[in-house]
Structure formats: structure tokens, C-alpha cells
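In what follows, a single structure is set out as C-alpha cells and then discussed.
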Amino acid sequence: MDKSRMVPVPSNAIMPERDIDKTPILETHHLGIDFGGLTAVDELSLTVGKTEIAGLIGPNGAGKTTVFNLLTNVYQPTRGTIMLDGKSTARKTTAQVNRMGIARTFQNIRLFNNMTVLDNIKVGLHNSINQPLGASITRLFGYRTSEKKSREEALQLLSFFGMENMANMQAGSLPYGAQRRLEIARALATHPGIILLDEPAAGMNPSETAELMDNIRRIRDEFQIAVMLIEHDMSLVMNICEGICVLDHGKVIAKGSPEEIKANPAVIEAYLGKKKEAN
Amino acid sequence: MNKLKNLNKFTLTNIQSYGIVLLAFIIIFPLQKAGMLSNQISGLLVPTCTYVVMAISLSLTVGFLGELSLGHAGFMSVGAFSGVVCAACLQNSIASDPLRLLIAIIVGGLFAGVAGLVIGIPVIRLRGDYLAIVTLAFGEIIKNIMNCLYVGFDKNGIHFSMTSAEALGLIDAKPILNGPNGAQAITKISTFTSGIILIVVALFIVLNLVNSKTGRAVTAIRDNRIAAESVGIGVTKYKLTAFIISAVIAGMAGALYAMNFSTIKPTKFDFNTSILILVFVVLGGMKNIPGVMIATIVLYAMPELLRGFANYRMLIYAIILILVMLATNSSGAKQFFEKISSKIKKGENTDVQNGGVSNG
Amino acid sequence: MTFLSNLINGISLGSVYAIIALGYTMVYGIAKMLNFAHGDVIMVGAYISFCATTYLNLPPVVSVVLAMIVCTVLGVLIEGLAYKPLRKATSLAVLITAIGVSYFLQNVALLIWGSNPKTFSSIIRLGSVSLFDNKLIITTESIVTVLACIVIMIALTMFTKKSKMGKAMRAVSEDKDAAELMGINVNVTISVTFAIGSALAAIAGVLLCSAYPVLQPTTGSMPGIKAFTAAVFGGIGSIPGAMLGGILLGIIEIFSKSYISTQLADAIVFAVLIIVLLVKPTGILGKKITEKV
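Chains as they are written, first to last, in the numbering used here: chain A, 1 to 279; chain B, 280 to 639; chain C, 640 to 932.
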């Protein structure tokens, strides 16, 4: 066993001041993954504070979603470590990592389309409902209490997003914006310490995006959790993210506050290309 | 208002499912008691109940879990033969037939559950067609093993052998399971009432499960496995749970089935039986439990009642199967049926029905 | 010597499985469906050849050609009538329909030829080869079967690699929609696949019944299931995989029969399949499928 992997290396952490003396909710050290001979992500070291809103940006194909898949152990990393609230997530399954405190949404929405909105949330509450198999089958032994509790909590979460009137609709039949919100609500139902949002504003109009920004801030404030998002809408990223990490060709090319990122020549080059090349 | 609607949909399924059972019982039980049923129909009662239970059980795997199982008869076989052995061993110690039947059914369910666990652990890791083919393989393996299993019971206790009946070394007793000849001289203790009770038990388990934490997890896995994992649901655990419950119910059905006949062979529970049950489930509407029950009753009883037509009955069955699948699944036929269904509603309905009856 | 003779028998039986498995694998690769009726096409092929030689006194080679023609037409008909309308339906719906077709073929055969087994006289009437002072006897059936299998394998590989239709087949199996956009007639390609698969099934039927001369309406189902597992074993969708899977399956079956237990032979065959799938979930030569998140 490579010993250096297990010991957290102090990274040049950029965190909001309020989080600075607490354990970061998420830390990665020299994270990397190869697909066959292709290195998709390499040397990724980043830190997210307990209540930080962090952004992961980069041109198409930079490896952003791959990072999310690594963080949730959908892919097992080839190199490096992931520390979640100070604990390593190595060799855990996706489900176990979720129970440790990471929840996520997907770029192409993944709801339980054939279930109701309420049941989608209840599935998210799965690990906080105390209902053994015996209770499930017999409807005794606290079945009613546990169902009632999960229903109440689910409705509460829905009302957070103003969706309580949609509780009994089929998730698949919801309008696009509501599907995105439901996916976030379902992720929140797992009581995470950090929520990963993969392009939450994709396909939204400006007023919906404004509402989304408001929601993201409210999630951070009311649940006191960290948010990490992948987004192409720069106005959203620059507006709400406190720390931003820019990825290009699987490597970090810049880290810092929105102002620093805006002024960074490497970032501008990654997005717009070198002037010489353009000509 | 919405809440009421949702509640109704769930209770409606319950009312329909239990209603069908109750109705069948109310109609058939008095007729049977009064001796008004022909031998042929009386003989069909327990098998029909068994197949209804099997279909409910498979509906859990195929409909709710969304995994194609082609070896469900294997669990039925395990339940049948373990149940028969259990009942035969208890023949002298428990006098009450219903009690012995109950114990045999529970034992059958337990053994099938163990088989479900053993088979489920490897199977559940595979996906789609590969899972299907492995369940098929397990079904065949169970059939083969049962074909060489010899079990006997005498004053020295229970004896097992995989080679021959003589190897059992029985004293003053005949083997209970006799290899390829299966179980012989079974005391017939299954009754229509016990069949109905078993259906109710199966319904109770499956319908309750569907609307619970476990059931939601299972449905979620089928709907979107990756999303289910992302919200912390252990896919293997819940798939395995559903698979084992399904196996237990199938095993109980098997025990009930076996004790309705005086002899039963291992080849009875082959690939064709698995497919037959699958057909009931698919034509009944997968996870539509009332639909699955009705499909089973109609489809199981139909070829049996058509026995007079000997060779033609399975042919008719095959043609109906193909036509139903084409009618319900091809886009062209759907439009065509929508067109003529409006015409039928205008009064040609009776003609079609009469035609069907005179042909049958 | 018995080892060698068992090995030869195994390869011979395996070659039959391989030829059947090729039909399964090609259809699965292109139409993404399990054609459960394939085993029954084998049975039809065997009956046609039986009738041609017994009742019409045709020479064996002609009977085989006749069986191939009938099976090809049958395969294309089945595809066109039963499977084509379901191209967009769920795989389960197609599977159940295929099962319906399988029942249909078995029962039609039952009506025409009855349930009594017919004794199939081998179409290869050449005696056998004796080696090592008659210690090792190789039947001509075995030799012909293995040769047929090799020829078919080479021909099919050449066909899919070189010919225009073969390339179309590979394109359709890769991505049906993209192939259609590239101007490939998907329906014709699928029909041709069924035609080839069914013609192979006819050959397999004749070879199978030459070696095991009992012919009845259910003759095709068990070899069909085994050949299908052979296809999965080798990696479904792959032509060399089907060959490899078939031959291995045949060898395992014969060896279990002679060294372990006749009754448990099938159980052992299926157990090996399960172990292979657990170690290599897409079969020996199958491609690894990765899911996109």
C-alpha cells in the first residue's frame, strides 16, 4: 500500500473564511483516472469547505463530469485519494459514498420516471427511514409511523422548492425545470454534507436561472451544507461560487475566487484559444 | 384531492386482487362441496391456485425488479420435493392433514428461499440477457439434480443418495424421492381452500412489499439503477431481497402443487414450465397483479379445458400467444385495433364473442 | 484411447452446437433478440431431410439442400411475420413472441409427423475410420460434422469481413439507426441474417440427427438451449465466440458424461457456463460493455 496516499497532503486550500478552521467537507489529493491509455483526469487536488459554494468549470470534454463520477465512486480512481469530511472513500461503492455524505444530480436528468414525485423523495430518504423488511411485509412494527414520518419529511422538502402541489404527479411527466428541482430535492433527502450539481442550469431561461441561483444559496444557508457545481453559464458561476476550479484536458489550470479566475490568462486561453492559433 | 386519487389507485389494486380471490372462492367452494364440479374441473383447482401463486411470485422478479428469470420452475421444484419429503416424514407423527400441509409448505418455502439465496448471489451481479440465461441454467441444474436425488425415511431417520434407491438402505420403507421417477405415493393433502389461502398470503406479501421502503427501493433500482445507487440504495441487497422473497413464494407454491398429485416427476418443473409462468406474467401486464391473476386463470385453464382437441390445443395456444403479443406490442396493430375497436363498440361485439365460443 | 475418442466425440457434438450457436449469435448481434424458435428450425430441417430421403428417395445431398431452402424460407417468414412488427417493442415482448413461434413450430410438427420418434438414418453412409487396431473408431459423421463446422466458420468470417452485405450486417449490429442513416436497408439486412441463421440450422439439424438418430417434434429444443448457452459462453454477438463456446460445451458435455455422471452432464455444462459468466460477465470473447453516466 502506497503510504503517501493515506496521509492527507496539505493542499493550497482556498476556502471561505468561515470554513477555514473546520475540516473541509471534501478534499482530493492528486486524483487521476485513465481509461485504457487515455488519461481523463490527472493531478486533481481540490478542497471544498463545509458551507462553500464551489464551481467546477472548463471547456467541453475537460473531464468535469468524470470528476463527479470519481467523487461518487461511479468510477474507481486510478490514482490519488478522496477525503470526505476527513474520511477516505477508497473502495466504497457509490451507495456507501452517498451514505458517507455526497449526493449528486446528473447532467442528463435521472429521475425515477415511473414513480410519483413524492416517492422519488421517499427513495432519497431511504437510509433515514427505520423500516425493517418485516415491517414492510406485515405493515406492523412501526410501519405506519415510519411511512408517516417519511411522507412528512418528503413534503417538507418539496415545499422548500415550491413543489408540494406536484407531490402525486409522475416524475417523468413533470416539466423540465421541475424535474431539475426534483432531482436536487431527492439528493438533499439523503442528508448529504455536500451536494454535487451537474449543469443545473442547462436548458433554463434567465428567470429560471435566477430562481436556481436563489435556490442554491438557500440550500447552502438552510441546510448548512456545501454545494459543488459544474456549469457553463458563467454569469451563474461568477455570481454564486466562492471558489472556482478550472479544468482543461483533465488537468487543473486555475483555482481561485471568481475575480481571480476572470483575470487569469490561462483560463481565457482555454476557453477562447490562443490568438495566434485563432488566426 | 390528489392525495385521495393516489390512495385510490393503490387500494384499487388491493381490492381488485383480493376481490378476484374472494369471488373465485365464493363461486367455486359451494359448487365443489355440492359435488357439482366435474372431475376434470375439480382436478384443475389446486394447480390453478398454484400457478396463480407462481405468477404473483414471478411478477415480483420480472415486473417489479425488472429482471427476466427463465428458471422460476426450479424454485417450484425445490419447494415441491422438500415439501413432499417433509410431509412424508411427518406422516406418522402429525395426524392432522392441514397442519402437515402447512409445515410442508413452510419447509418448501424455506428450502426454495435458500436456493434463491445461493442462486441469487451470483445471478444478481449480472444484467439483462445474461441474468436471464443464468437463471435458465440454474433451472436446468436443479432439474438435473432432482433427477438423481434419492431420499427415503425409515425408523432410522432420513436417508439421502445421489446414485440409486438401493443405496439408501431402507428398512421396511419405500423411497420418497426416487430419482427420475420423482416422488411416488404422495398422500394428497392439498385442498382448494389451502390453495386460496396461499394465494392470499402471496398477495399480502407482494402487495404490501410494493408499497414500502423495500418496494420503493426495488422499483427505483429498476427505474434507474445509477440514480438509485446515487441516493444510497445498495442495489445488490435489494435485488437479492426481492429475488429471495420471490423464490420463497414459488417454493410454497411448489409444495402445494406436489401434494395435489400422487406422483410427481422432476421433469415436470422444466424450462417449459418456467416459460409458461413467464407468459402468464407478461400477458397479464407484468406488475399489474390483478391482470396477472386473471391471465393465469384463463391461460392455464384454457389448454386444459381444450384437452378434447388433443393435438390442436397447444397449437391454438401458440397462435393466440403470438397474436396477442403482436396486437399489444406492434405499433401498426395498435392503430388497427383502435380503428376496429370503435366499430366493435357499435354492436359487432356479440358476433365476435359467439364466433369465439363456437370455435372453442 | 477412450480419452481420445471422447475428445473426438466432444468436438463433433460441439461442432453441431457451434453451427446452431452461430445462428443465435448472428441474430442476437443484429436484431438484439433471443430467437428461441431457432432450436425448432433445426427440428424442421431434420424432418425435411428425413422426408426427402425416406419418402422421396432423394440423394442425401439433395435432401440437405432442400432442408436448407425450406428452413431459409421459414426463417425469413418467421422474421417477417412475427418479429418485424415488434422491432420497436421491448425485448421481453419479442422474447415471448419467439417462445410463441417455438410452440407453434413444435405443434405443427406434432400434427404433421406425430409424436412418435422417427429413426433418422444417417445421411452419411460411408462407415467409419478405424485406427490403432480398432481401438479408436472415428465415425464419418464426426469427420463430416467437424469439417462442415470449419468450412462454415471460415465462410461466415469471410462473408462478414469482405462482402457488402456482411459489412452492412456489422454496421447494423453496431448501431442500427446510424446504419440506416448511412443508407443501409436494415430490414433487408435482418432478413438476410435470419436466412443465413436458418440455413445453418438446417445443416445442424441434419448433422445432429445423423449422430443421434431420434427425431421428434421436441428434438430441437434442448440442443437449441445448449447452443444458446454456447453462444453466451463464447460471448454473444461474436462469430469466433460462438464456435469456441460450442466446441467447449460439446467437449465438457461428453467428458462429464463419461467421467462423472450421465445424468448430471447437463447440470455440469450449465454450471461451467455460470462460472464463466461470473468471471467474465460477457463471455469468453465478448466485448466489455461500459455504461455511460
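Backbone N, C-alpha and C fix where the C-beta goes; we use that ideal spot for every residue, glycine too.
Selection from the options that minimises the alpha carbon distance to residue i
i: C:M707; options: C:G925, C:A838, C:S849; result: C:A838
i: B:V413; options: C:A728, C:K865, C:K801; result: C:K865
i: A:I129; options: B:I512, B:S317, B:I619; result: B:I512
i: C:A657; options: C:I899, C:T641, C:G844; result: C:G844
i: A:I137; options: B:T466, B:T290, B:I484; result: B:I484
i: C:G684; options: C:G753, C:Q855, C:N648, C:K806; result: C:Q855
i: C:I842; options: C:V790, C:N824, C:M861; result: C:V790
i: A:M100; options: A:E211, A:L84, A:G32; result: A:L84
i: C:V785; options: C:G885, C:L744, C:V915; result: C:G885
i: A:G203; options: A:A167, A:E231, A:D214, A:I195; result: A:E231
i: A:E211; options: A:T72, A:N239, A:I225; result: A:N239
i: A:V120; options: A:T72, A:T94, A:L155, A:I253; result: Note on residue identity: the sequence assigns Asn, not Val, to residue 120 of chain A. When each option's Cα is compared against that of A:N120, the closest is A:L155.
i: C:T729; options: B:A521, B:G407, B:V527; result: B:G407
i: A:L247; options: A:D19, A:G36, A:E27, A:A40; result: A:A40
i: A:Q107; options: A:I25, A:H191, A:T47, A:K64; result: A:K64
i: A:R218; options: A:A263, A:E199, A:S235, A:I195; result: A:I195
Spatial neighbours of residue i in its chain, beta-carbon cut-off 6 Å, leaving aside the 5 residues before and after
i: C:S877; result: L924
i: A:E242; result: P16, E52, I53
i: B:L428; result: L456
i: A:H29; result: V9, S45, G80, T81
Check whether residue i and residue j have beta carbons under 7 Å apart
i: A:R181; j: A:F161; result: yes
i: B:L600; j: C:G739; result: yes
i: B:I335; j: B:A481; result: yes
i: B:R501; j: B:G345; result: yes
i: A:K255; j: A:D42; result: no
i: B:S338; j: B:K566; result: yes
i: B:I644; j: B:V300; result: There is simply no residue 644 of chain B to check, as chain B begins at 280 and stops at 639 in what is shown.
i: B:V325; j: B:G461; result: no
i: A:R139; j: B:N293; result: no
i: A:V74; j: A:T94; result: yes
i: C:A810; j: C:I793; result: no
Within chain B, the residues that residue i reaches when beta carbons sit closer than 9 Å
i: A:N127; result: V510, G511, I512
i: A:N113; result: D502, N503
Partners in chain A for residue i, counting only beta-carbon separations shorter than 8 Å
i: B:G494; result: S136
8 Å Cβ cut-off: residues of chain B touching residue i
i: C:N696; result: Residues of chain B passing the Cβ test: none, with the nearest at roughly 29 Å.
i: C:Q855; result: Residues of chain B passing the Cβ test: none, with the nearest at roughly 14 Å.
Cβ-based neighbour list, residue i, same chain, cut-off 7 Å, excluding 5 preceding and 5 following
i: C:P879; result: L924
i: A:D233; result: A201, T209
i: A:E269; result: none
i: A:A278; result: Here A:A278 scores only 41 on pLDDT, less than 50, and its place in the model is too uncertain to base an answer on.
i: A:I109; result: Q179, R180, E183
i: C:E718; result: I829, S830, F833
i: B:S541; result: A464, I465, K467
Near the ligand COA: residue i beta-carbon under 6 Å from a heavy atom
i: B:P309; result: The ligand COA is not part of this structure, which contains no ligands at all.
Close-in-space but distant-in-sequence residues of the same chain around residue i (CB under 8 Å, 5 per side omitted)
i: B:G635; result: Because the pLDDT of B:G635 is 34, which lies under 50, any placement of that residue in the model is unreliable, and the question is left without a value.
i: C:M804; result: F798, T828, V831
i: A:V237; result: G55, I57, L229, E231, I244, P258
i: C:I687; result: S702, L705, A706, V709, C710, A841
Cross-strand partners of residue i (DSSP beta bridge)
i: B:A462; result: B:L456, B:I543
i: A:M228; result: A:A54, A:L196
i: B:Y429; result: B:S440, B:N457
i: A:G256; result: A:I244
i: A:D362; result: Any question about residue 362 of chain A goes unanswered here, given that chain A covers just 1 to 279.
i: C:T828; result: In DSSP, C:T828 forms no bridge with anything.
Chain-ordered neighbours of residue i on chain C, where CB pairs are closer than 7 Å
i: B:M593; result: Y742, N746
i: B:P401; result: I913, L917
i: B:N608; result: L725, A728, A732
i: B:D408; result: L673
Residues that residue i contacts on chain B, provided the C-beta gap is smaller than 7 Å
i: A:Q107; result: Per Cβ cutoff of 7 Å: no residues; A:Q107 is ~12 Å from chain B at best.
i: C:T868; result: I412, A416
i: A:R220; result: Those do not exist, as A:R220 stays about 20 Å from chain B at its closest Cβ, beyond 7 Å.
Cross-chain neighbours of residue i in chain C, by beta carbon under 8 Å
i: B:E419; result: I864, D905, A906, F909
i: B:V413; result: L912, I913, L916
Chain A residues whose Cβ lies nearer than 9 Å to that of residue i
i: B:V499; result: In the sequence on display, residue 499 of chain B carries Ala and not Val. Chain A residues near B:A499: F112, M115, D119, N120, V123, H126.
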